[in-house]
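In this note's numbering, the protein residues as written are 5 to 198.
Structure below.
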């Protein structure tokens, strides 16, 4: 990833992990810490919002430029990661460290319950959905396994464009984005880059 893209992402609150991954504090992690409000994953799946690590192994790679996407698609570098990528264990370790770094400022906030901040520094859930398409990372299955080895639960959000990789993954939850019901709408809404 070039320095220009990295700088722009960091200005938006992302922290780059290695050469192609990133973390960012989730809105709902912040809400849980600051206001006690939790996301839907808490209600439906028992996920502690303040212990969720929002990350991506492919921050700037996606096959689409969806018209509704709120992610930084203007920084997309391609639809395939056709270069030497970082190892899954490195990504997981560094993602946890970057998350802790991002959370460091919450410890001094008097309104926040100290116990929640301490727990937040020990994430136990990975939402693999931050930006880019996670399955463009060729070892997404091993990445998920690395999280599971550390007793994390995992959510993977994907556009489904790499079915051969989806066959190998075993996340706790799999979200498949199906946006259009026919080819014409798919081209208009998803703006495929394939």
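By construction, the Cβ of each residue, glycine as well, lies at the ideal position given by its N, Cα and C atoms.
A buried status is given to residue 21, since no fewer than 16 other beta-carbon atoms sit within 10 Å of its beta-carbon.
Boundaries cannot be given for residue 156, as no beta strand (DSSP E) includes it and DSSP labels it neither H nor E. Contact between the segment 168 to 175 and the segment 89 to 105 is not established, with fewer than three Cβ pairs separated by less than 8 Å. Beta-bridge analysis with DSSP links residue 136 to no other residue. In this structure, residue 159 lies away from residue 181, with their beta-carbon atoms at least 8 Å apart. For residue 49, the enclosing alpha helix (DSSP H) has its first and last residue at 44 to 49. For the pair residue 117 and residue 14, the Cα-to-Cα distance works out to about 27 Å. With fewer than 16 neighbouring CB atoms inside 10 Å of its own CB, residue 184 falls in the exposed class.
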